[in-house]
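In the UniProt record's numbering, the protein residues as written are 1 to 326.
Here you go:
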C-alpha cells in the first residue's frame, strides 16, 4: 500500500491580499488609460508607459543582481512577443478608450483566454481542443455578441472602439501561445524576460510613434493628472504588479494565480463607475458574465473533472522499512 501526500494549502492571509491588490492594479489600468488619452496620442501614452515600466523592471533586475538575456535567438523571439504582447495591445486599448468607457475596455480584456485557445490549438499547436474547451469557446462567443449588443445594429464610433479593444485582446492571444512555444523552456528568470520584453517594446514604440503621431510631448508639458496616470501605468501597473504576480505564482501556483483574470473586469467596472461616473447598459455586464463563464468552462474550472490516472508503484526488490513522511 502507498500513501499520497499533498503539500499544505497556503493560508489565505498569505496570498489573498496580494491577489486582490493585483486585480485592483490591473483593473485600474483602464482608468489610467482613459485619463492619459485625454491629452496624449495613444502611441505616445504607450511609449511613456512602456518606458516607465522598463525602467522599473531594470532597477529591480539590478537590485536582485539578475541579468538580461544574451542569446540573439531569445531577443528575436522577444521582438515578436513585445510587438503583440505589449506595443500593439496597449496602443489599441488607448485608441479604443478614445471611443468607449474604461470599464468596457476592462470587460473586453477578459476575452483574452478565449482568443488564446483557438490560436494555441490551430496555429502554435501548444494546446489540444477538447469538447469542454469547444463549449467554453461557444459560450464566450455568445458573450461577445451580447456585450456588443449586435441586435442594436453595428457601426458608429462606439462599436469601432469595442472592436479595437477586442483586437487588443486578440494580440494577447498571439503573444501568449507564441511565448509558451518559443520562450517557456528558457532557463532565464521571468523577471529577466519581462524586462527585456519591455525594453524591446520601448525601442519599437520609439521608432513607430514619431512616424505615426509625431514627436512625443515633453513630459514636463503634461498636466499633473496625466503624468500621474502614465507613472501609475508604467511603474505600478507593470513594475509593481509584476513583482506581486511572481509572488502569487510562487505561493499558490500559476493556475490559481491566473484566476485573477476574473477579478480584473470587476475592478475595472467599479472604478469606472465610482471615479469616472461611467454607466453600463444591461447587456454589457450580462455579456461579461457569459464571457467569464465561457473562460471558466474552457479552462476546466467548471464542470466534472477527470480523476488522475493511477500510477503503479513497483514493489521493492527486498523488504525494507518504510521511511517516515516529512
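For each residue, glycine too, the CB sits at the ideal point set by N, CA and C.
Query	Result
Are residue 96 and residue 171 touching if we call contact CB-CB under 8 angstroms?	no
Which class does residue 123 belong to by DSSP, given the choice of helix, strand or coil?	coil
Hey, out of 286, 289 and 176, whose CA is closest to residue 258's CA?	176
Can you give the Cα-Cα distance for residue 167 and residue 89, rounded to whole angstroms?	7 angstroms
Taking only three categories from DSSP, how would you classify residue 29?	helix
Evaluate residue 312 with the Cβ neighbour count: other Cβ atoms within 10 Å of its Cβ, from every protein chain shown; 16 or more gives buried, anything less gives exposed.	Caution applies to residue 312, whose pLDDT of 47 falls short of 50 and renders its modelled position unreliable; the value that the coordinates give is listed next. Its Cβ having fewer than 16 others within 10 Å, residue 312 is exposed.
Give a yes or no on whether the C-beta atoms belonging to residue 234 and residue 53 are separated by under 8 angstroms.	yes
Give the C-beta separation of residue 269 and residue 35 to the nearest angstrom, bearing in mind that I take them to be a contact with Cβ-Cβ under 8 angstroms.	That belief does not hold up - the Cβ atoms of residue 269 and residue 35 are roughly 17 angstroms apart, past 8 angstroms.
What residues in its chain sit with their C-beta under 8 angstroms from that of residue 286, if we drop five residues either side in the sequence?	146
List the whole-angstrom C-beta distance separating residue 216 from residue 44, where the pair is believed to meet the contact cut-off of C-beta under 8 angstroms.	4 angstroms
Among 112, 210 and 15, which one has its Cα closest to the Cα of residue 173?	112
So what's residue 149 in DSSP terms, helix, strand or just coil?	coil
So what's residue 281 in DSSP terms, helix, strand or just coil?	coil
State yes or no: is the C-beta of residue 300 within less than 8 angstroms of the C-beta of residue 114?	no
Ignore the nearest five residues each way along the sequence and tell me which others in residue 133's own chain have a CB closer than 7 angstroms to its CB.	117 and 298
I'd like the span of the alpha helix (DSSP H) that includes residue 48, first residue to last.	42-63
Pop quiz: residue 66 and residue 193 are said to be a contact at Cβ under 8 angstroms. What is the actual Cβ separation, rounded to whole angstroms?	In fact, because the Cβ distance is near 10 angstroms, the residues do not count as touching under 8 angstroms.
Inspect the beta-carbon positions of residue 62 and residue 200 and report whether they are closer than 8 angstroms.	no
Please report the distance separating the alpha-carbon of residue 23 from that of residue 30.	12 angstroms
Is there a C-beta anywhere in chain C that falls below 8 angstroms from the one on residue 149?	Note that chain C does not occur in the displayed structure, where there is just one protein chain.
Does the Cβ-Cβ distance between residue 25 and residue 209 come in under 8 angstroms?	no
Tell me the residue span of the alpha helix (DSSP H) that contains residue 337.	The chain is shown from 1 up to 326; residue 337 falls before or after that span and cannot be answered.
Among the residues of its own chain, which have a CB less than 6 angstroms from the CB of residue 157, if the five just before and after it don't count?	99
Helix, strand or coil: which one does DSSP assign to residue 225?	helix
Suppose the cutoff is 6 angstroms on Cβ atoms and the five residues either side in sequence are ignored; what does the same chain contact list for residue 56 look like?	235 and 239
Which of helix, strand or coil does DSSP assign to residue 155?	coil
CB-CB under 6 angstroms to residue 121, same chain, minus the five flanking residues each way: which ones, in chain order?	127 and 129
So, for residue 322: in the same chain, excluding its five sequence neighbours on each side, which residues have a beta-carbon less than 8 angstroms away from its beta-carbon?	Interpretation of residue 322 is limited by its pLDDT of 43, a score under 50 that renders its predicted location unreliable; the figure taken from the coordinates is listed afterwards. None.
By Cβ distance below 8 angstroms, which residues in the same chain neighbour residue 327 in space, the five residues on each side in sequence not counted?	Residue 327 lies beyond the range of the chain shown here (1 to 326); nothing can be said about it.
Cα separation between residue 221 and residue 229?	14 angstroms
Do you know offhand how far residue 249's Cα is from residue 256's?	8 angstroms
Output needed for residue 246: all residues of its chain with C-beta closer than 8 angstroms, excluding positions within five of it in sequence on either side, in chain order.	190 and 191
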